[in-house]
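Visitor:
Residue numbers (this note's numbering), protein chains in the order written: chain A, 232 to 545; chain B, 232 to 545.
Below, the structure written as structure tokens:
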């Protein structure tokens with residue numbers, strides 16, 4: 232008996248919500264097939280397609296580590312074997328480790344006995360733990376939108392609480408441009424460059440950006456979204472890891488983007504644009520700017536702010 | 232020719248929005264009467280009632296300093312004389328300097344020739360400058376709600392921009408309890424205790440609180456407001472300035488408050504409560520806790536989150 236789930240790529244941080252805000256991208260994602268095996272407590276990674284170099288040890292692959300914990304907690308009389316199809320490039324800042332974790336959990340959950348089956352809120356906890364293992368810090372800005380869909384703000388849990396994912400409606404005319412330059416930035420390195428402290432006035436400014444950005448989405452106020460779309464804390468500390476970042480951002484803005492910043496921990500760069508046709512122009516301009524800065528291989532996508540999270544697929 | 236304006240007391244910071252979020256309190260406030268005088272460019276403070284010790288020099292009183300700048304910019308062929316009635320206690324954390332500045336500006340604006348009359352957005356700039364003079368730092372969390380009414384988030388201006396005040400609807404069943412212990416905390420001292428830097432993880436947690444709090448208001452989700460109602464940055468650094476703060480907060484929470492924190496820079500303490508009758512109980516409990524901690528003189532109010540800002544009065 233097996234089940235297959237698709238989990239989308241996600242853009243995390245979204246300029247204004249470091250570690251707490253993210254949204255999924257349509258069409259790009261990871262797929263995981265989970266098969267029940269007659270070995271209680273055992274998780275086996277049977278195959279990994281689409282990427283080389285990922286670990287097969289069940290406690291080191293983000294797709295399996297959540298399942299290991301799930302089996303430990305629920306103690307069903309079976310185990311899982313998983314087959315991973317990676318659609319998301321490695322260390323791209325597109326939420327690949329989150330997507331594999333979430334796809335595996337959604338598929339495995341559907342194989343549990345009905346009385347053991349978990350809610351999405353419970354799956355979120357396992358997904359966040361997998362993500363924490365992969366990136367070095369538990370954060371919800373990829374796993375929550377990957378699981379729930381939509382622009383998702385997650386209130387981190389305090390002791391004894393569960394995380395609270397909150398979905399914010401985004402105007403339908405907004406499209407995301409996501410551009411991935413083929414240069415390697417590991418999430419752990421990208422976290423390592425961040426200072427442990429920030430100025431209080433930056434907190435004041437940046438939290439105002441977050442609040443105004445969310446209000447802009449809810450009010451369909453493009454001018455407010457544009458004005459609030461700014462990261463005065465993280466982007467400046469990380470952008471040197473991305474060749475040509477300033478030129479790519481300038482190209483996006485010059486061609487009509489509402490805003491542009493680093494996707495997750497990079498090196499992918501995303502922009503929001505208020506029409507699909509302009510989004511296509513922005514995408515080409517961003518790709519051209521990466522090329523002009525010596526990055527030969529660049530992929531790009533245009534996607535709505537997808538309201539669909541992970542789901543079972545045939 | 233003269234005009235009189237009332238400007239309400241305000242609760243700033245509101246636990247989750249240091250320097251950017253505030254709301255007005257009904258009934259408590261300052262009133263300023265402005266009279267045209269035949270001396271262009273001159274502002275004269277004629278009288279101050281209700282409080283001793285405030286300066287009469289026009290460049291040092293927050294009610295007059297905004298008018299001085301307004302006259303400089305607009306150059307009308309007259310000046311202003313002002314009479315101030317203080318209803319807000321001095322250095323109480325209830326937005327007294329903002330209220331005097333805003334009341335004076337609103338009254339004076341109505342005396343300008345029609346073609347010179349300013350928008351509330353333009354008045355906000357003058358009010359913020361007055362407030363900056365009084366407190367040592369320009370911030371909008373008192374002046375914006377005082378002028379516009381309602382729970383108001385202000386996106387601070389970047390160079391060449393004006394501040395963007397944004398009003399957030401609050402469920403009508405929410406009442407504010409505001410309690411003022413008669414102990415002196417100057418805003419400048421209260422700013423002085425704050426560290427210039429904060430941990431990045433506190434920024435992440437606190438900006439999630441802000442966003443979730445605003446979403447809770449918009450969704451009428453009392454459980455979310457309650458959960459997000461927490462200040463992990465400022466309150467801990469300032470509460471030692473307020474005798475018995477922990478006991479007062481515990482009394483509020485034990486009696487059913489959604490949350491409780493310092494009003495502005497203190498020493499007043501405020502709580503949100505989801506019914507008027509419970510708010511009255513919470514008020515008495517907070518006052519009793521101050522008394523038990525050696526504060527003899529304590530005033531308290533129960534008010535809706537007033538949607539009315541400053542206005543002309545007969």
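Don't be surprised by glycine CBs; every beta carbon is placed ideally from N, CA and C.
Please list, in chain order, all residues of the same chain as residue 247 of chain B whose beta carbon is under 6 Å from its beta carbon, the five residues on each side excluded.
Guide: In the second chain, the residue the question calls residue 247 of chain B occupies position 16. So the list reads 440, 441, 444, once near-sequence residues are dropped.
Visitor: Measure how close the beta-carbons of residue 237 of chain A and residue 542 of chain A come, nearest whole angstrom, since I'm counting them as under 8 Å.
Guide: As a first step, residue 237 of chain A is located in the first chain; it is residue number 6 there, counting from the start. As a first step, residue 542 of chain A is located in the first chain; it is residue number 311 there, counting from the start. 6 Å between Cβ atoms; contact.
Visitor: On the criterion of 16 or more Cβ atoms from any shown chain inside 10 Å, does residue 287 of chain A qualify as buried, or is it exposed?
Guide: Within the first chain, residue 287 of chain A is the residue found at index 56, counting from 1. The residue in question, residue 287 of chain A, is exposed, as its Cβ has fewer than 16 Cβ neighbours within 10 Å.
Visitor: Do you know how far the Cα of residue 413 of chain B is from the Cα of residue 322 of chain B?
Guide: The sequence position of residue 322 of chain B within the second chain is 91, counting from 1. The sequence position of residue 413 of chain B within the second chain is 182, counting from 1. Approximately 10 Å, taken between the alpha carbons.
Visitor: Mind checking whether residue 409 of chain B and residue 494 of chain B have CB atoms under 8 Å apart?
Guide: Counting from one through the second chain, the residue named residue 409 of chain B turns up at place 178. Counting from one through the second chain, the residue named residue 494 of chain B turns up at place 263. In this structure, residue 494 of chain B lies closer than 8 Å to residue 409 of chain B by Cβ.
Visitor: Starting from residue 534 of chain A, trace the beta strand (DSSP E) both ways and give me its first and last residue.
Guide: Your numbering for residue 534 of chain A matches position 303 in the first chain. Where residue 534 of chain A is concerned, the enclosing beta strand (DSSP E) starts and stops at 529 to 535.
Visitor: According to DSSP, is residue 509 of chain A part of a helix, a strand, or is it coil?
Guide: Sequence index remark: in the first chain, residue 509 of chain A carries index 278 (1-based). Residue state, collapsed to three classes: helix.
Visitor: Between which residues of its own chain and residue 537 of chain B is the CB-CB distance below 8 Å, once the five residues before and five after are set aside?
Guide: By 1-based counting over the second chain, the position of residue 537 of chain B is 306. Counting only Cβ-Cβ distances below 8 Å, and skipping sequence neighbours, we find 239, 254, 255, 256, 257, 380, 381.
Visitor: Please give the ranges of any beta strand (DSSP E) in the segment 430 to 494 of chain B, keeping only runs that are unbroken, at least 3 residues long and fully inside the region.
Guide: 490 to 493
Visitor: Would residue 434 of chain B pass as an interface residue toward chain A - the criterion being a Cβ-Cβ separation below 8 Å?
Guide: Taking the second chain and counting its residues from 1, one reaches residue 434 of chain B at position 203. Taking Cβ atoms only, chain A reaches closer than 8 Å to residue 434 of chain B, which makes this a yes.
Visitor: For residue 357 of chain A versus residue 300 of chain A, is the C-beta distance shorter than 8 Å?
Guide: Numbered from its first residue, the first chain carries residue 357 of chain A at position 126. Numbered from its first residue, the first chain carries residue 300 of chain A at position 69. For residue 357 of chain A and residue 300 of chain A, yes; Cβs fall inside 8 Å.
Visitor: Using a Cβ-Cβ cut-off of less than 9 Å, give me the residues of the segment 245 to 268 of chain A that come near chain B, in sequence order.
Guide: 247, 248, 249, 250, 251, 252
Visitor: Give me the residue from B:449, B:375, B:366 with the minimum Cα distance to residue 402 of chain B.
Guide: Reading the second chain from its first residue, position 171 is the one you call residue 402 of chain B. Taking the Cα of residue 402 of chain B as reference, the smallest distance to any Cα among B:449, B:375, B:366 is reached at B:449.
Visitor: For a contact meaning CB atoms closer than 8 Å, what does residue 390 of chain B contact in chain A?
Guide: Stepping through the second chain from its first residue, residue 390 of chain B is reached at position 159. Simply none; closest approach about 13 Å.
Visitor: Of all the beta strand (DSSP E) runs that stay within the bounds of the segment 261 to 313 of chain B, which reach a length of 3 or more residues?
Guide: 274 to 280
Visitor: At 8 Å on the CB atoms, spell out the chain B contacts of residue 547 of chain A, in chain order.
Guide: The structure shown has nothing for residue 547 of chain A, since chain A only spans 232 to 545.
Visitor: Between residue 405 of chain B and chain A, is there a C-beta pair that is closer than 8 Å?
Guide: Counting from 1 along the second chain, the entry for residue 405 of chain B is found at position 174. Output row for residue 405 of chain B: interface = no.
Visitor: Between residue 356 of chain A and chain B, is the shortest Cβ-Cβ distance under 8 Å, so that the two count as touching?
Guide: One-based indexing of the first chain puts residue 356 of chain A at position 125. No, residue 356 of chain A lies away from the interface with chain B (no Cβ there is under 8 Å from its Cβ).
Visitor: Taking Cβ-Cβ distances below 8 Å as the criterion, which residues of the segment 443 to 465 of chain A are in contact with chain B?
Guide: 443, 445, 446, 449, 455, 458, 459, 464
Visitor: Select from B:293, B:466, B:270, B:269 the residue whose C-alpha is nearest the C-alpha of residue 263 of chain B.
Guide: Counting from 1 along the second chain, the entry for residue 263 of chain B is found at position 32. The shortest CA-to-CA distance from residue 263 of chain B to any of B:293, B:466, B:270, B:269 is the one to B:293.
Visitor: Taking residue 271 of chain A as the reference, give the member of A:289, A:243, A:309 with the closest Cα.
Guide: Here residue 271 of chain A refers to the residue found at position 40 of the first chain. Minimum Cα-Cα distance from residue 271 of chain A among the listed residues A:289, A:243, A:309 corresponds to A:309.
Visitor: I want to see whether chain A comes within less than 8 Å of residue 480 of chain B, judged by CB atoms only; does it?
Guide: Translated into the one-based positions of the second chain, residue 480 of chain B becomes position 249. Chain A contact via Cβ: absent.
Visitor: Closest by CA to residue 427 of chain A, which one among A:465, A:473, A:289, A:503?
Guide: Residue numbering aside, residue 427 of chain A sits at position 196 when the first chain is read from its first letter. Of the candidates A:465, A:473, A:289, A:503, the one whose C-alpha sits nearest the C-alpha of residue 427 of chain A is A:465.
Visitor: Rounded to whole angstroms, what's the CA-CA distance from residue 430 of chain B to residue 498 of chain A? Just pull it up for me.
Guide: Taking the first residue of the second chain as 1, we reach residue 430 of chain B at position 199. Taking the first residue of the first chain as 1, we reach residue 498 of chain A at position 267. Residue 430 of chain B and residue 498 of chain A: Cα-Cα distance of roughly 25 Å.
Visitor: Who are residue 538 of chain A's beta bridge partners in DSSP?
Guide: The sequence position of residue 538 of chain A within the first chain is 307, counting from 1. Residue 538 of chain A is not bridged to any residue.
Visitor: Tell me which residues share the same chain as residue 468 of chain A and place their Cβ nearer than 8 Å to its Cβ, disregarding the 5 neighbours each side in the sequence.
Guide: Stepping through the first chain from its first residue, residue 468 of chain A is reached at position 237. Result list for residue 468 of chain A: 424, 425, 426, in chain order.
Visitor: Name, please, each residue of chain A whose Cβ falls closer than 7 Å to the Cβ of residue 428 of chain B.
Guide: Mapped onto the second chain, residue 428 of chain B falls at position 197. Within chain A, the residues near residue 428 of chain B are 428, 429, 430, 431.
Visitor: Spell out the partners DSSP gives residue 256 of chain A in its beta bridges.
Guide: Residue 256 of chain A sits at position 25 when you count from the first residue of the first chain. In DSSP, residue 256 of chain A forms a bridge with A:536.
Visitor: Please compile the residues from chain B whose C-beta is within a distance smaller than 9 Å of the C-beta of residue 437 of chain A.
Guide: Here residue 437 of chain A refers to the residue found at position 206 when the first chain is read from its first residue. Here the neighbours are 434, 438.
Visitor: How is residue 379 of chain A classed by DSSP in three states: helix, strand or coil?
Guide: Taking the first chain and counting its residues from 1, the one referred to as residue 379 of chain A is at position 148. DSSP places residue 379 of chain A in helix when its eight states are reduced to three.
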